[in-house]
Structures are given as structure tokens and as C-alpha cells.
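Just below is one structure, and these are the notes that go with it.
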Amino acid sequence: MSVFEAARQRAAHYANRNPLFAKVNKNHLEYFNCVLREPCPRNKKPGRMLTDPHKIVSFNRDWMNQVEGECPVVLLPTSTQQVAAILRYCQSEKIGIVPQCGNTGLVYGSSALHDEVILSLREMNADPVVSPQTMSAEAEAGVILQQLQEAAKAHDLLVPITMGSKGSAQIGGAVSTNAGGIHFARYGSMHANVLGLEVVTAQGEVLDMMSTLRKDNAGYDMKHLFIGSEGTLGVVTRVSLKLYSFPRSTQLALFRLSTFESVLELYRLAQEHLAECLSAFEVVDGESLLVTPQEELPFPRTSKSDTFRAGQDFTSAYFCVMVETNGSNAEHDMEKLSRFVEAAECNPRCVSKGDLGESFEPILSQSLAQTAQLWNLREDTPVRLASAGTIYKFDVSFPLDKFYDIVLHFRKMIYKDGRFDPDEVLVVGYGHFGDGNIHLNVVDRTRKHSDALDAVLFPAVYEFCAANNGSISAEHGVGVQKKAYLGLSRKPEVIALMRTLKRTMDPNGILNPYKVVE
């Protein structure tokens, strides 16, 4: 069976097709085409419709090639009015429809599972409008995050959300999944930074909630209903986002620490010495970097495969920790960072030793180019791991002292009694330590162990989260992958209220069906 045949089977496995949904026919296509031919009032561009199977295959697959639907048509509107007309029609005709932006999510939340229509927002990508006076930006849903960052930087302003997928992730999807990213500890998630939204509800009503106000207590703050709702209640078409002054100074220090206890101590020191300017505290375990070429690493690569194989010890060979500060005075910020580094080097609980007892001194970035190079170690890690084999990605969160326990637990589960060989199956962890968000990745480098790994990982990963005061979803949402496990992170009465909202706002359940709740 090919990878893509398996992806189609996996998609269908998650949910049975709703028999009440209509199958797209010629009349439906004619209506969609008629709506999309109408030019956008602002840029005069018409929308597009794709029905060629070869042209829609990339829309039908998630980016990890784990699921593939059988979407017969992709709609690419250029205006909010087109989106509204399409959703009104789909509601009346009972046609399942899936909103999709950059398609970079990890829980199949923007994937068709059966023959739903895909509503791609990528053509709604007019140049962002940046206002230095209100320190805000207005962007359509299809604007790529990096494009918005560059537009803001031209005005010496900062978009508070950034992530490794910034070159392909789109604003509408980032809002719909309540993205956080590497600067969450400093700036918060989309909930903290969205000032206003324009949303089309599942019944085709346009809600104009665009604003640049920081404070507005007039009734329910309805925009928060749609932030993080994963496109199940409405389709985000425009966003007003809070901006910040662009840092005059960005400093970065890279540590190679021997133990997780050293990571905890380093974070305590960072809070003590860098509190007001600390912008990121990222942790990558040594096993995550086994797929990174040695010439790109600033220290020797180390493997503990033999130790894992013997079942003696499942701790990481080392931890790579990136500590970033943002501030307004380079000299002052570098002085603070230097004092922090000195405190870490003098602290016996911050151990930085190699296998032979050698010490590894922290690296302080000396230029923007070096900063970018060091950040690539972290930002390239997810892509390198995904390219190394069949990958299982889990986006979960824990209290800080339990941050790494899940990796240790599943190394033991996977490697014990020789069940899997450490050279064939990697069990690694990396993530945003400041907010407790760890990405557990399990990589089958042979691409042969999927069924056996499924049995080990599901539902055990999510049960481990529930048993250790964690969350089954830190920032990528629930989608369909985690839908069956939502009860491990939310009380029954809360899920019941979610269902009531969904049924009230989407009576026929046509918008992003089979996702989150039904």
C-alpha cells in the first residue's frame, strides 16, 4: 500500500461520512462558479474554482501526508461576500465544507476526510495595512505570516506571533487555531493579540467586529468565540492584530546542558536575571538533533542508542537551550545577558558536560547572521524530523517540572524489551519551555512500524497528559486527530456547551465537519 493510499484510508477511518450531506453535483458547481466570477470590490480580482484532481491534490492532503480526503472541488474566493454566498448555499444544500488557509496544522483540522468542498482562503491575500498610529495591522485571512511580519517591520513594528512555519502559515489559520509560537511567554497567543475580526458564520452571515481598540467592555467579546474554534463556528476573513515596537536589540545565548534538572535551574536564573526582556526560552533535546548534519551543529552530536537499547536509562544525551532577549538598548541588554550567562556558568546545578567530562561554554550570538543561524537549529528541527521517516507529532503541555516526563515515559514504552530499536524509531522532545508546550515526536525511520506504533501511542499519549495535569493540545487545536480524546482535557458539561454552540450556529453541521465536536 502506498503512503497516499494509507492516507486516504486513515482519513476515512476518523469518521463515517454524514449521510445527510449532499454530494457535489453539476448544479452546485455552476452556482459556485457564478459566485466566484464576481470580482472582489476592493481589488477587482475574481475568485477561482478547481476541479482538476491533479490541481487539488495538495489541498486534499495534510502537509505530513498522513490523511487525504476526496474533495471534488476547491473554491478560492477573493472577497468576504463570496465566502458568505458560498456558506449560505452550502448550509441550504447541506454540503460539507472545510475552510483551509496554509494547511500547516498537525491535527488534520483543515483536511477533508471524505468528499467535502474545500474553501481555500489563500487568494484573500491583499497587502496588509499597517497603522503606526494605532500600532495595529489589518490583514486578510490568506496573508502569510512572514508577509505580515515584513510589512510591520517596514514601520519598525513587531508582529508578536512567530513560528517555524511562518513562511507558509496564514493569518486566518493562525487565528482559528489560537497560535502562540516561540514568543508566547512574552506576548501571549492570538487571544491576547487580536483586536478585531471579520467572520462569516456557518449560515453565511458576515460579522464585522474589526477594531483597533485595546479596551472595549461593551457586552460579550464575541471575537474570542472564533479565535481557536478551528473553523467550526465561522470562517475568519479579516483580522486586526496588535503590534509592538520592534526591538532595538535582540540577544541570543545557546546552552548545551547535560540534564533536564539543569534546564529547570537555567529557567529559574533566566527569570531572575532577564525577566522584563526575556522573549524566548526554547528547549531541544539531543535526540531531536540526530537528523541535523554535524557541520550545522556548534557542538558534537551524541547518541544514547546503546543505553536506550539496554533499557538502562532513557534520559536525553543533552539539551540544547536557546535563550533570547528583546529590548531597547543593546549595550544594556548584552550586559544583562552576560551576567545571566556568568551566573549559569557559576551555578553547580547548571551542568554542561560531555561524555568525556569536557565542558561546553554557552554561545553568545555576535551578529544578526549568527542569531539566524542558531535559530535555524530550532526552527528546522520539525521539518528535518518529518523528512526522516513516518512521523507522529504530539503538541501537548505540562507544568514546567513535568515538561520532559512524557518523552522519558514513551522511550521506556517503545524501547523496553527490545520492542523497537532506537536507531529505527526516534522518540524526541522539543518546544516552548516558558509555557510548558512540548512537541513529542516519534519518528519511524524505516516507515514499517506504523500499526505497532499506533498501538503503543494511542490513546496512551493523551491518557498520560490527563494523568499528569497536562493538556492534550497546547497550540495546534483538536481537529479530528484529538477529537475522541477531548474529554481528557475538558469536563463533560463544558463539552456539552461546545456542542450546543456548534448546533446553534451551524444547524446542519456543514462547516468543518467531523472536527472538535459534533
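With UniProt numbering, the residue at position 10 of the sequence shown is 10, and numbering never jumps. All residues carry an ideal CB built from backbone N, CA and C; glycine is no exception.
Legend entry - Inter-residue Cα distance where the pair is residue 421 and residue 404: Their Cα atoms are separated by approximately 21 Å.
Legend entry - beta strand (DSSP E) segment containing residue 511, residue limits: No beta strand (DSSP E) holds residue 511; DSSP gives it neither H nor E.
Inset, instruction - Let me know the secondary structure DSSP gives residue 193 once reduced to three states. - result: Note: residue 193 maps to helix in three-state DSSP.
Inset, instruction - Any chance you could list the beta strand (DSSP E) runs of at least 3 consecutive residues sitting entirely within the segment 43 to 92, in chain order? - result: Correct list: 48 to 50, 74 to 76.
Legend entry - Beta-bridge pairing of residue 395 - partner residues as DSSP gives them: Paired residue(s): 439.
Inset, instruction - Using beta-carbon positions only, say whether residue 367 and residue 374 come within less than 7 Å of one another. - result: The beta carbons of residue 367 and residue 374 sit no closer together than 7 Å.
Legend entry - Buried or exposed by the 16-neighbour rule on C-beta atoms within 10 Å, applied to residue 178: Residue 178 comes out buried.
Inset, instruction - Would you give the residue range spanned by the beta strand (DSSP E) that residue 332 belongs to? - result: Annotation for residue 332: no beta strand (DSSP E) segment contains it, though the alpha helix (DSSP H) segment containing it runs 330 to 346.
Legend entry - Within 7 Å, strictly: CB atoms of residue 281 and residue 267: One thing to note: residue 281 has its Cβ within 7 Å of the Cβ of residue 267.
Inset, instruction - Take every Cβ of the segment 175 to 192, pair it with every Cβ of the segment 235 to 244, and state whether three or more of those distances are shorter than 8 Å. - result: Short answer: they touch.
Legend entry - Contacts around residue 386, its chain only, beta-carbon distance under 7 Å, and the 5 residues preceding and following it disregarded: Only 64 meet the Cβ criterion.
Inset, instruction - Quick one: grab the DSSP three-state call for residue 432. - result: Three-state DSSP puts residue 432 in a strand.
Inset, instruction - Output the boundary residues of the alpha helix (DSSP H) element that contains residue 250. - result: Under the DSSP assignment, residue 250 falls outside any alpha helix (DSSP H), being part of the beta strand (DSSP E) whose first and last residues are 249 to 257.
Legend entry - residue 40 - DSSP class collapsed to helix/strand/coil: Residue 40 falls in the coil class under three-state DSSP.
Legend entry - Local conformation of residue 208 per DSSP, three classes: Judged by DSSP in its simplified three-state form, residue 208 adopts strand.
Inset, instruction - Specify the secondary structure class of residue 498 as computed by DSSP and reduced to three states. - result: Secondary structure at residue 498: helix, using DSSP grouped into helix, strand and coil.
Legend entry - residue 369 versus residue 8: straight-line alpha-carbon distance, rounded: The straight-line gap from Cα to Cα measures roughly 43 Å.
Legend entry - Member of 479, 510, 516, 475 whose CA lies at the smallest distance from the CA of residue 495: Of the listed residues, the one whose Cα sits closest to residue 495 is 516.
Inset, instruction - Determine the burial state of residue 502: buried for a count of at least 16 other Cβ atoms within 10 Å of its Cβ, exposed for fewer. - result: Buried is the call here.
Inset, instruction - Please determine if the segment 309 to 318 and the segment 399 to 415 are in contact, where contact requires at least 3 C-beta pairs separated by less than 8 Å. - result: These segments touch.
Legend entry - 7 Å Cβ cutoff met for residue 485 and residue 514: Not a contact, by the Cβ cut-off of 7 Å.
Inset, instruction - Report back the beta-carbon spacing between residue 497 and residue 202 to the nearest angstrom; my notes put them in contact at under 8 Å. - result: Contact flag wrong, Cβ pair sits at about 17 Å.
Inset, instruction - Determine, using beta carbons only, whether residue 113 and residue 69 come nearer to each other than 7 Å. - result: For residue 113 and residue 69, yes; Cβs fall inside 7 Å.
Inset, instruction - Determine the closest residue to residue 256 out of 299, 458, 181, with distance taken between C-alpha atoms. - result: Taking only the C-alpha atoms, the option nearest residue 256 is 299.
Legend entry - Alpha carbon of residue 254 to alpha carbon of residue 191, nearest angstrom: Those two C-alpha atoms are separated by around 30 Å.
Legend entry - residue 278 - DSSP class collapsed to helix/strand/coil: Three-state DSSP puts residue 278 in a strand.
Legend entry - Nearest-angstrom Cα separation, counted from residue 309 out to residue 331: Rounded to whole angstroms, residue 331 to residue 309 spans 48 Å at the Cα level.
Legend entry - Whole-angstrom C-beta distance between residue 508 and residue 474, which should lie under 8 Å: Between the beta-carbon of residue 474 and that of residue 508 there is about 32 Å, and that puts the pair past the 8 Å contact cut.
Inset, instruction - Just tell me which of 38, 33, 42 has its CA closest to the CA of residue 50. - result: The closest CA to that of residue 50, considering only 38, 33, 42, is found on 33.
Inset, instruction - Spatial neighbours of residue 148 within its chain, please: CB distance less than 7 Å, with the 5 preceding and 5 following residues excluded, ordered by chain position. - result: Around residue 148: 128, 137, 139, 159, 171.
Inset, instruction - Output the boundary residues of the beta strand (DSSP E) element that contains residue 140. - result: Counting along the chain, the beta strand (DSSP E) containing residue 140 begins and ends at 136 to 140.
Legend entry - Bridge-paired residues (DSSP) for residue 198: According to DSSP, residue 198 bridges with 208, 238.
Inset, instruction - For residue 248, count neighbouring Cβ atoms within 10 angstroms of its own Cβ and tell me buried if that reaches 16, exposed if not. - result: Residue 248 comes out exposed.
Legend entry - Three-state class that DSSP yields for residue 400 in the structure shown: Residue 400 falls in the helix class under three-state DSSP.
Legend entry - Where residue 472 falls: helix, strand or coil (DSSP): It is coil, neither helix nor strand.
Legend entry - Short Cβ contact (7 Å threshold) for residue 108 with residue 67: Yes; because the gap between Cβ atoms is below 7 Å, this pair is in contact.
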